[in-house]
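Take a look at the structure below.
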Amino acid sequence: MLTKKRSLMSNPLKTKQDVEDAFRELCDPLKQYYSKGFARIHLGHTSAAYSDSIAGLEGFSRILWGLAPLLAGEDYNENELLEMHLEGIKNGTNPLHDEYWGEITDYDQRIVEMAAFGLALILIPEKIWDPLSEEEKGNFSRWLNQVNHCQAHDCNWLFFSVIVNLGFQNVGLPYHSKKVEENLDRIETFYLSNGWYSDGTDGHVDYYVPFAIQFYSLIYAKVMEDKDPIRSQKYKERAEVFAKEFITWFSSEGSSLPYGRSLTYRFAQSSFWSAAVYAGIEPFSLGVMKGILLRNLRWWFQQPIFNDSGVLTIGYSYPNLVMAENYNSPGSPYWALKSFLPLALHKEHPFWKVEEEPLPEVGKKVVQKEPHMIICRNEMNDHVLAFNSGHLSTNEHTHTTAKYEKFVYSTSFGFSVPRAEWGLSQGAFDSMLALSEGDNLYRVKRHCENYRVEDDYIYSKWKPWNDVEVETWLVPGTPWHIRIHQIKTNRLLDTADGGFALGIEDKKVISELVTNQADEACIASMTWGASGIMSLLGGGNAEFIYPNSNTNILHSRTVIPTIKTRIHPGTSILVSAVFGETKESYYTKWEEAPIVEMDSNRITIKALNKKALEINI
């Protein structure tokens, strides 16, 4: 099994055969974990919010996101995984079998997993539907049809029944047009502009746009371009606009911004580009889109994301349950196989013939108001940063504050999630302002009372307590950015403004941590980069915080340069300059720190990106 991991790392991912081999190498280790009746895959002993039995179905179904395109793209007459899945479908949909997948209820996780079967009915009906007996077809269709009679969560989940019905239509089963119309009309209300959707009314704007709503929209657009041409064309046009925005989230080396929930789906990050190629849209040349997709896969295959048996783990760039959501079972990561959709294209398709092209220049600073971000790109150092306002609403997903409310997200530094509730080391408050009443229990921004994304800065107002108001002005830049906090409080508070989390375990090269600390500034560096912070107004002491291990999604051990300040009741203004660089030449840039001057309620920032900026507070 270790050999398979090594071959994935060395797979050049140049040809269609290379991508097919990668899919097989991802799935071959799973064969030993299928149940006796092949209807479930048991990949581990951790659990999710739903039963282990449903988690077994989840693992089974998610393989279809890659298996169906593989079998659609060429004339495979025999395939072991296909035979196993055919047997699993027969048994899983048979109410009299021990491995029956069961009757589903409202908001059931099985609603999610049904969409993969819909895709299979669209792409390979002759392989997954035609071989079934009439009784088996009846069992399969009856079990899937439950999706049309159960309530789904009011978000991207509404697309799952749509995909199932597209599959029904393709094999001559009743197409529930009313259900499809209702769900698509409801999803329409989530649309913002520039190709962006929110994941439900007032929901977050994150990867559920590209790897869910846009992904399914493009499948619909391809399948229904003759039967529903107006909607199909609208979806394609929106995807083309969205592509011009989403491309800024990718680095030239292949990584993408770690931001939001469900990051354990890993290379599903690039599945939008898979769907774009499948649907035949070209917001960029095929060579550019091919490069984005394949570089992302190559980047992921260089990360230690497998266990010793070659099975994908829960985590991000390494196995990590600390950052996981409550809906992550051992089989959940295989949603990443959605990026293999181009395998459905024949080997003579231009996508497989064209040469990869590098990532085009997309601008050093890009304002994206729909996801509430300003994207800054350091092309020379291949570093992408997303400066973020936060959201007006929140939810109960795990670590929502860390995944949606930090000041900045980075392809090089990642972000950290809390390990526990006691103190700064357990809280791991990188790129956040944390406040405490002196009891070592810290609060951070969970949602905004108000925000604005301007061309040169981001403003947000938030309340860690009902009687404490924080206004933050965030001035983006690289390698320096500025944070201005005006805090109105009747309480005595301890504050901690955390910089980037610097990874201090570098397994690729021998590197030692170097630290430099003064009263109001500190910087930590490794061979690969540096993180620092300095107080420009408001005083405070610089300190290195060493968070609990495995709190950062990119680096298992980190240090966070932090400015700690005690503020008294009344109004206080704190200004920090935060530094993050990813090359060894950081010392010169550290010495070029911004200068801040304050006159009444006006703050002037000099030397940041070589121009002065005035902000009224």
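Position 436 of the sequence shown, counted from 1, bears residue number 988 in my numbering, the numbering being contiguous throughout.
Backbone N, C-alpha and C fix where the C-beta goes; we use that ideal spot for every residue, glycine too.
Everything numeric in this text was worked out from a predicted model, so none of it was measured.
Helix, strand or coil at residue i according to DSSP, with G and I counted as helix
i: P683; result: coil
i: P621; result: helix
i: S1083; result: strand
i: H637; result: helix
i: R929; result: strand
i: F967; result: coil
i: P810; result: coil
i: K890; result: helix
i: D737; result: helix
i: K1015; result: strand
i: P581; result: helix
i: S988; result: strand
i: D1049; result: strand
i: W904; result: helix
i: I1125; result: strand
i: C694; result: Here residue 694 turns out to be Arg, not Cys, going by the sequence shown. In this structure, R694 counts as helix in the three-state DSSP scheme.
i: A783; result: Note on identity: in this sequence residue 783 is Arg, with Ala being the wrong assignment. Note: R783 maps to helix in three-state DSSP.
i: L1088; result: strand
i: I656; result: coil
i: I1157; result: strand
i: S962; result: strand
i: F802; result: strand
i: Q855; result: coil
i: F1096; result: strand
Short Cβ contact (8 Å threshold) for residue i with residue j
i: A600; j: Y868; result: no
i: V840; j: R971; result: no
i: S826; j: P894; result: yes
i: A1073; j: L1054; result: no
i: S685; j: F763; result: no
i: T1114; j: G1029; result: no
i: P882; j: G596; result: yes
i: G942; j: S1012; result: yes
i: S1124; j: S1087; result: no
i: L1106; j: G966; result: yes
i: I1119; j: I1036; result: no
i: S977; j: I1097; result: yes
i: T1156; j: E1149; result: yes
i: N717; j: K731; result: yes
i: L673; j: N722; result: yes
i: Y760; j: V714; result: no
i: Q963; j: L809; result: This sequence places Thr at residue 963; Gln is not what is there. Against a cut-off of 8 Å, the Cβ pair of L809 and T963 comes out as a contact.
i: A831; j: L770; result: yes
When the options are compared against residue i, the one with the closest alpha-carbon
i: R694; options: P647, K779, P1113; result: P647
i: P923; options: Y811, Y870, N848; result: Y811
i: D1151; options: I1097, S1101, L1089; result: L1089
i: N691; options: W653, N708, G915, E733; result: W653
i: H901; options: N933, R847, L838, F853; result: L838
i: S804; options: E913, L1026, A672, V918; result: E913
i: H705; options: N722, Y659, G724, I676; result: Y659
i: R738; options: Y727, S750, N746; result: S750
i: E610; options: V829, P885, Y994, L1045; result: P885
i: E797; options: I641, N746, E733, S603; result: N746
i: S587; options: I641, T567, L616, G618; result: I641
i: Q518; options: F903, L1165, W1142; result: Shown here, the chain extends from 553 to 1169; a query on residue 518 therefore has no answer.
i: W1017; options: Y1003, V996, D1007; result: V996
Own chain partners of residue i with C-beta closer than 7 Å, once the 5 adjacent residues on each side are dropped
i: E1144; result: A1159
i: N1168; result: N1153, R1154
i: L675; result: A620, P621, A624, A896
i: F712; result: I663, V664, M666, A667, V699, A704
i: D1071; result: N1093, A1094
i: T1134; result: N933, H935, S964, W1080, G1081
Near the ligand SAH: residue i beta-carbon under 7 Å from a heavy atom
i: S745; result: Absent from the structure shown: the ligand SAH. Ligands present: none.
Inter-residue CB distance, residue i and residue j (contact presumed, cutoff 8 Å)
i: C939; j: V960; result: What sits at residue 939 in the sequence shown is Phe, not Cys. That belief holds up - the Cβ atoms of F939 and V960 are roughly 5 Å apart, short of 8 Å.
i: L530; j: A620; result: Because the chain here runs from 553 to 1169, residue 530 falls outside it and cannot be looked at.
i: E626; j: K899; result: 7 Å
i: K1116; j: N1102; result: Actually they are not in contact, since the Cβ atoms of K1116 and N1102 sit about 24 Å apart, beyond 8 Å.
i: E572; j: L622; result: 6 Å
i: L565; j: E577; result: Contact flag wrong, Cβ pair sits at about 11 Å.
i: Y817; j: A888; result: 5 Å
i: G975; j: N947; result: The Cβ separation is near 26 Å, so there is no contact.
i: H736; j: K679; result: First, the amino acid is wrong: residue 736 is Leu here, not His. 28 Å between Cβ atoms; not a contact.
i: F1131; j: P1031; result: 6 Å
Same chain only: Cβ atoms within 6 Å of residue i, ignoring 5 sequence neighbours per side
i: T555; result: Summary for T555: the model assigns pLDDT 42, below 50, so the residue's position carries little reliability, and this model does not support an answer.
i: W1025; result: Y1009, Y1011, I1036, I1167
i: M553; result: Because M553 sits at a pLDDT of 39, beneath the cut-off of 50, its placement in the model cannot be relied upon, and the point is left open.
i: N1104; result: G966, S968, A1053, T1110
Proximal residues to residue i (C-beta, below 8 Å), its chain only, five neighbours per side dropped
i: L864; result: L578, R818, I857, F858, P885, Y886, A888
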